[in-house]
Structures are given as structure tokens and as C-alpha cells.
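Each remark here refers to the structure printed beneath this line.
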Amino acid sequence: MKHGQAGFRLRCSGIVEAKAGALGPASGGARGRALVERTPPHAWFLVSAVFHYLGPAFAVLLFARVDVLGVAWLRIASAAAIFAAWRRPWRAFATLDRAGRGLLATWGAVLAAMNCCFYVAIDRLPLGTVAAIEFLPVVALAAVGARTARNAGALALAVPGVYLLTDVRLAGAPLGVAFAFANAMLFAAYIVLAHRVARHPSVSGIDGLAAAMLIAAVAVTPVGGWAAAPAALDPVALLAGVGVGLSSSVIPYVTDQLAMARLSRATYALMVSLLPATATVIGILVLTQVPSATEALGVGLVVAAVAVHRDPTRR
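The following block contains the structure:
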């Protein structure tokens, strides 16, 4: 998406700008606007869902070379560097009022804490357990917005589907469980804050994300910067860190903003239940992990839930 002197920037108009869209007015040209407007928000979410699971593939390499909190620091710092070079978010941040700056500062703090809790949790518990716990507050967010019997039915399909896919086991270490629940609450906060930024009238969603990521990098440095120090002399670890940041915190978060600009928060929260199904598909294609009959049933329930659900704001 490279257009003219604006480089990698896109510009939204029409539907996206009318809803305080994700891309700012300083972004690129007409082709970028047309692409954003033509692409359904569900497609942007699908891109996000795929890349959410490519990031952990890079993280596997990093866990063998860098401490868990160091991996969190590398992910956030590399993403912040990419956003800084791409968006120069300090300019948009400077134009905001106190409330707008506070919103971005809060989002940045949530991003830092969420990533740290996630990596500490998956270091102590099975990833499926962490994913299942993470989904619990998201169900609550979806339930708040499910104002119809149809959407309540969608939730009734999604919950057992995610349960079957993640094979919940809560027999892990108590500290791991505590961090998993902390990550879950922070993930719910991420959805709320990201949706507010996506609809904010004074800053584009992606510029807001870029500023929040810089704030997150500052916030996480005292916690994880020291743990990432060994990677300074390890080119493989550094490259893997950039890969984690790009695939876990740049591509999915940007496409999240493009989706959130046109989806209600409840709709987005329910679509998060697609993530375990996406992981299953990636497992088949990349890792040749053929799902069992139970897992296949879980995928079917989740897909059915998304098909049944309707955005309460859509006419």
C-alpha cells in the first residue's frame, strides 16, 4: 500500500472517516481510500486473526534465547519503532486535548501490561488454557451488546465452540492462572479502548495506535528491557523480535483498527471467538496438526456463531 510521498500511509474517507475511521487525513491517495472503503471490515479482522498466530510462531524461537519478559519488550519495542518510522505519531498526539492524550496513555499502559501478562501466563500454562481464560471477559462484552435473541443464540454457539477448541484445563500453577486472568481483563480493556480510539473524532485510529505503542514501549522498558539485553548480541533473536512485533503488534493491530472503525464493539468482541478456529486452520496448513472430531465440532460452532450474529447497529 505504497502511494506517492506518503509512503506506506493510507487515507480513509467516506464511511471510515464518517465514523472516525482508522486512517488519518495525512495518509496516502485515492487508491488507498478506495481499498479501505471496498474491503469489508470482517476481511480486515480475518487478516488480524491470521497474524495473531504467526507472531507466536516467532516467539517460540525467542523463548529459547530470551527471557519471557524480554520477549514482551522486543515485541513492543520493535512494533513501536516501526510505527514511529511509519506514522510519526507524536505529531498527532500533540494536537489532542487532555482527554485524548489520557485515552492514548491508558491504551499504551494496557498494551504493555497485557503483553507481559500474556507471555508470563503461557510460560506457565498451556496456551489453550490461557486462550480460554482470555475469552471469558470477551463473552461478557459481546453479551452486553447482544440485544436480540439472534445474537444471544450466537453467543450460545460461540461459548461451547471455544471451550471445545481450547480444551480448558485449569490445573496449572496458581501464578500462571492469576496472570492469565489478568491478561483476560486487560484484553477486554484493549477492545474497549481500541474501539474508542477507532471512533475518536480528533485522531485517526492508526495514529492513535502508533502513539499508544510508543507509550507502551516506555512503560514496558523498566519491566522487560533488562531481560531483552542478551538479544543485543544475537542477530537471530533480534530478527525474531522484529518478526514478533510486526506480525503480532503491527499488522493485526492496524487491521483491528480498520475493522473497529466499521464494526460495533459487541460484534468485534464476538468475532474474537474466531481466533481459536484460525489457530486450528493454521495448525493444519503450517504444522500439519489435523484436528480431532471434537476440535472440528468446535470450529463449526464458532463459525456458525459468527454467521448467526448480526451487528445491532446495522440496518
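Residue 0 is where the sequence shown starts when you use numbering that gives the first Met the number 0, and the numbers rise one by one after that. Think of the CB as a built atom: it goes at the ideal place given N, C-alpha and C, for glycine as much as any other residue.
Does the Cβ-Cβ distance between residue 275 and residue 126 come in under 8 Å?
no
Contact defined as beta carbons within less than 8 Å: I believe residue 196 pairs with residue 106. What is the distance between those atoms, to the nearest angstrom?
Under the criterion of beta carbons closer than 8 Å, residue 196 and residue 106 qualify as touching, at roughly 6 Å.
Give the secondary structure of residue 77 by DSSP, where H, G and I count as helix, E and B as strand, and everything else as coil.
Helix.
Hey, which unbroken runs of the beta strand (DSSP E) at 3 residues or more fall wholly within the segment 222 to 254?
none
Just to confirm, is the Cβ distance from residue 64 to residue 236 under 8 Å?
yes
Is it buried or exposed, residue 86, if we count other Cβ atoms within 10 angstroms and call 16 or more buried?
Residue 86 counts as buried, since no fewer than 16 other beta carbons sit within 10 angstroms of its beta carbon.
Buried or exposed by the 16-neighbour rule on C-beta atoms within 10 Å, applied to residue 266
buried
Below 8 Å, can you find three or more Cβ-Cβ pairs linking the segment 182 to 191 to the segment 254 to 274?
yes
Residue 217 in three-state terms, based on DSSP:
Assigned with DSSP and collapsed to three states, residue 217 falls in helix.
Any idea what DSSP makes of residue 41, helix, strand or coil?
helix
Reducing DSSP to helix, strand and coil, say where residue 290 ends up.
coil
What's the call for residue 99, buried or exposed, on a 16-neighbour Cβ count within 10 Å?
buried
Which same chain residues end up closer than 7 Å to residue 293 when comparing Cβ atoms and leaving out the 5 residues on each side of it in sequence?
163
Tell me, please, whether the segment 150 to 164 touches the segment 203 to 217 by the rule of three or more beta-carbon pairs shorter than 8 Å.
no
Relative to the alpha-carbon of residue 219, which residue among 70, 61, 47 has its alpha-carbon at the smallest distance?
70
Considering residue 155, what are the terminal residues of the alpha helix (DSSP H) in which it resides?
148 to 165
So residue 245 and residue 81 are supposed to be a Cβ contact under 8 Å. How far apart are they, rounded?
With a contact defined as Cβ atoms closer than 8 Å, residue 245 and residue 81 qualify at about 6 Å.
Please confirm whether residue 232 and residue 176 have their CB atoms less than 8 Å apart.
no
Tell me which same chain residues have a C-beta within less than 6 Å of the C-beta of residue 92, skipping the five on either side of it?
Excluding sequence positions up to five before and after residue 92, its CB lies within less than 6 Å of the CB of 210, all in the same chain and listed in chain order.
Check whether residue 222 and residue 78 have beta carbons under 8 Å apart:
no
Could you tell me which whole alpha helix (DSSP H) segments of length 4 or greater appear in the segment 96 to 123?
Taken in chain order, the complete alpha helix (DSSP H) segments of 4 residues or longer contained in the segment 96 to 123 are 97 to 123.
DSSP state of residue 55 mapped onto helix, strand, coil
For residue 55, the three-state secondary structure derived from DSSP is helix.
Measure the C-alpha to C-alpha separation of residue 55 and residue 178 and round it to an integer number of angstroms.
18 Å
I need the straight-line Cα distance from residue 241 to residue 247, nearest angstrom please.
10 Å
Bounding residues of the alpha helix (DSSP H) (the contiguous stretch that carries residue 269):
264 to 270
What's the C-alpha gap between residue 239 and residue 272?
27 Å
If you measure between the beta carbons of residue 315 and residue 307, is that distance less than 8 Å?
Shown here, the chain extends from 0 to 314; a query on residue 315 therefore has no answer.
For residue 136, the three-state DSSP class (helix, strand or coil):
Look at residue 136 here: in three-state DSSP terms it is helix.
Would you tell me roughly how many angstroms separate the C-alpha atoms of residue 89 and residue 114, rounded to the nearest one?
Roughly 23 Å between the two C-alpha positions.
DSSP state of residue 26 mapped onto helix, strand, coil
In this prediction, residue 26 scores a pLDDT of 44, lower than 50, which makes its location untrustworthy; no coordinate-derived value is stated.
Could you tell me whether the Cβ atoms of residue 185 and residue 109 are closer together than 8 Å?
It is a contact, given that the beta carbons lie within the stated cut-off.
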